[in-house]
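Undergrad: Shown below is the structure under consideration.
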Amino acid sequence: MRVYNSYTNELEEFKPVVENKVSMYVCGPTVYDYAHLGHARCYITWDVLYRYLKFKGYEVTYARNVTDVDDKILKKADDEGKTPEEVSQYWYKAFVKSMDALNVSRPDLEPFATKTIGEMIAITKDLINKGFAYEVNGDVYFRVKKFPKYGQLSKQPIDALESGARVEASDIKENPLDFALWKKDEKHGYPSPWGKGRPGWHIECSAMSRKYMGDTIDIHAGGADLIFPHHENEIAQSECANGCQFVNYWMHNGFVTINKEKMSKSLGNFLTIDNLLEKYDSNTIRLFILTNHYRMPVEFSDESLTSAANGVARLMNVKRTEIDDNFDITKTDEYKQFVEAMDDDMNTSKALAILFDLVNKANKNEPHAFTILFKLASVLGFTFEKAQISKEELASKVAQISDKLGEKFASMEDIIAYRKDARDAKNWDVADKIRVATDEVGIVLKDTKEGTSWETK
RNA sequence: GGCGGCAUGGCCAAGUGGUAAGGCAGGAGCCUGCAAAGCUCUUACCCCCAGUUCGAAUCUGGGUGCCGCCUCCA
Numbered sequence: 002m003r004v005y006n007s008y009t010n011e012l013e014e015f016k017p018v019v020e021n022k023v024s025m026y027v028c029g030p031t032v033y034d035y036a037h038l039g040h041a042r043c044y045i046t047w048d049v050l051y052r053y054l055k056f057k058g059y060e061v062t063y064a065r066n067v068t069d070v071d072d073k074i075l076k077k078a079d080d081e082g083k084t085p086e087e088v089s090q091y092w093y094k095a096f097v098k099s100m101d102a103l104n105v106s107r108p109d110l111e112p113f114a115t116k117t118i119g120e121m122i123a124i125t126k127d128l129i130n131k132g133f134a135y136e137v138n139g140d141v142y143f144r145v146k147k148f149p150k151y152g153q154l155s156k157q158p159i160d161a162l163e164s165g166a167r168v169e170a171s172d173i174k175e176n177p178l179d180f181a182l183w184k185k186d187e188k189h190g191y192p193s194p195w196g197k198g199r200p201g202w203h204i205e206c207s208a209m210s211r212k213y214m215g216d217t218i219d220i221h222a223g224g225a226d227l228i229f230p231h232h233e234n235e236i237a238q239s240e241c242a243n244g245c246q247f248v249n250y251w252m253h254n255g256f257v258t259i260n261k262e263k264m265s266k267s268l269g270n271f272l273t274i275d276n277l278l279e280k281y282d283s284n285t286i287r288l289f290i291l292t293n294h295y296r297m298p299v300e301f302s303d304e305s306l307t308s309a310a311n312g313v314a315r316l317m318n319v320k321r322t323e324i325d326d327n328f329d330i331t332k333t334d335e336y337k338q339f340v341e342a343m344d345d346d347m348n349t350s351k352a353l354a355i356l357f358d359l360v361n362k363a364n365k366n367e368p369h370a371f372t373i374l375f376k377l378a379s380v381l382g383f384t385f386e387k388a389q390i391s392k393e394e395l396a397s398k399v400a401q402i403s404d405k406l407g408e409k410f411a412s413m414e415d416i417i418a419y420r421k422d423a424r425d426a427k428n429w430d431v432a433d434k435i436r437v438a439t440d441e442v443g444i445v446l447k448d449t450k451e452g453t454s455w456e457t458k
């Protein structure tokens, strides 16, 4: 498998540190607000990588942290008169719910920053001892000048960074580029050798990844906006503390844009996942995202989502057969093409083309086509479960149809039987009226040789 | 200003040297009582200019346009 390493800016052959085992760490959310489409893109992308690595037979340990100590959480807590825990727990649960709804796999490990404070203090202490950090009045800063590789991930010459760095009025740092490992905080802080305080954002990931996955991890991924300064700073901290390479493959996903602008909290131009799910299902959002290569920007529009929804309909309408678990799909051309595409830096667009070819083959009764399709599609996180309609909803629809037709029907089967009589009598007017009525409440009737079936739109 | 990326049919999007995957939308036909779904057929010379080459969307140089990072951000 070849992956694009953002550190070297090159496609590289993927080789884990330990054969057949992969450690991957993805920067998770800061839980203080709704997750939006941009988050969906990120976590769906790395979910697909996770699923694919496992599909290839790797034993994968996937960690995705939760940042539950952060300025924004504290501010929200203060504003709402709640504890930071109440705020972060609330939004964490909302996040999990959204991810589940998107069929994003749960990671193997989901460390919380607040549960890893000890490790953060240990690293910070270690960095001070080694001369890579210094304390000023209860704050601790990383001494960027001591790390010559600084700027290598973001390809920023250090002097360019320096001249561009924002200099605060009352800066107490040795160098404007130095970043906080620990911040003094009397109100919400944790005890530490430097007094009450809380960790800087960057140290959180260094600490959590080291605690759960060791000094060197195979893959570290996240949104491209984390490259600088977050990931750059993680490298500095971890490599200075551990004395070895931090990450072998850095992978970054592109943004979701809207009106050609990056979708983000700060710009306020975001659509929440929950809102989108009211209109589009999880397969649709996934197809929308996976149609594009993960490193490219994806422009949001209702037109694109509608197009994806229609594509998903084609996928869902495929002629289904029993899944044959004894059939070895690895011998098939489609499997080989799929793996070739995915091995090429996750070319999901090409992989999808293979899936759609399989749809066509299944519809033409090619043996095993649906089995292959089903298995490959699940690697991309698509599900073939049809949306379930609740009993109450169905009863209400049946009642509505009854009203429209001025009849009393107990069930869809009733309606279909009634319509069958009409059709047998070639009473097309009645038959068509029934179909119009069901259509109006979102139920499609399909006439085949085997009889009539119904499904929700 | 520094760094990085992108430009392919009506829309979205693969393809990185040999004459353009796939999805959506559109058109024609088959199927159907009529539909829906499905099946078949159908629409491109790849932003512009110059160059390298037997041959370029694909490489080189120069334009033009768009985006991102450089500050919290997936």
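Under my numbering, the first residue of the first sequence carries the number 2, and numbering increases by one thereafter.
C-beta atoms are modelled at their ideal positions from N, C-alpha and C, and glycine is treated no differently.
Nothing here was measured: the structure is a model prediction, and the numbers come from that model.
1. Can you tell which of 275, 453, 31 has the C-alpha that lies nearest to the C-alpha of residue 77?
2. On the DSSP bridge list, what partners appear for residue 137?
3. Going by the CB atoms, is the gap between residue 63 and residue 26 shorter than 9 Å?
4. Taking DSSP as the reference, what is the three-state secondary structure of residue 185?
5. For residue 274 versus residue 99, is the C-beta spacing smaller than 9 Å?
6. Using three-state DSSP, classify residue 292 as helix, strand or coil.
7. Below 9 Å between beta carbons: does that hold for residue 342 and residue 352?
8. Which runs of the alpha helix (DSSP H) spanning at least 4 residues fall entirely within the segment 260 to 323, listed in chain order?
9. Exposed or buried, which one is residue 315 when buried takes at least 16 other CB atoms within 10 Å?
10. Quick one: complete alpha helix (DSSP H) runs, 4+ long, within the segment 326 to 409?
11. So, for residue 176: in the same chain, excluding its five sequence neighbours on each side, which residues have a beta-carbon less than 8 Å away from its beta-carbon?
12. For residue 215, does the count of other Cβ atoms within 10 angstroms reach 16, so buried, or fall short, so exposed?
13. Report yes if the C-beta distance between residue 358 and residue 335 is below 9 Å; otherwise report no.
14. Are residue 398 and residue 442 close, meaning C-beta to C-beta below 9 Å?
15. Please specify which runs of the beta strand (DSSP E), each continuous and at least 3 residues long, are wholly inside the segment 45 to 128, giving them in chain order.
16. So for residue 38, helix, strand or coil by DSSP?
17. Check whether the segment 78 to 86 touches the segment 131 to 141, counting contact only when three or more Cβ pairs, one atom from each stretch, lie closer than 8 Å.
18. Going by DSSP in three states, residue 445 sits in which element: helix, strand or coil?
19. Quick check: the segment 50 to 60 against the segment 368 to 385, are at least 3 beta-carbon pairs closer than 8 Å?
TA: In short:
1. 31
2. 140
3. yes
4. strand
5. yes
6. coil
7. yes
8. 274 to 280, 283 to 291, 303 to 317
9. exposed
10. 334 to 344, 349 to 364, 370 to 380, 392 to 406
11. 144, 145, 146, 163
12. exposed
13. yes
14. yes
15. 60 to 65
16. helix
17. no
18. strand
19. yes
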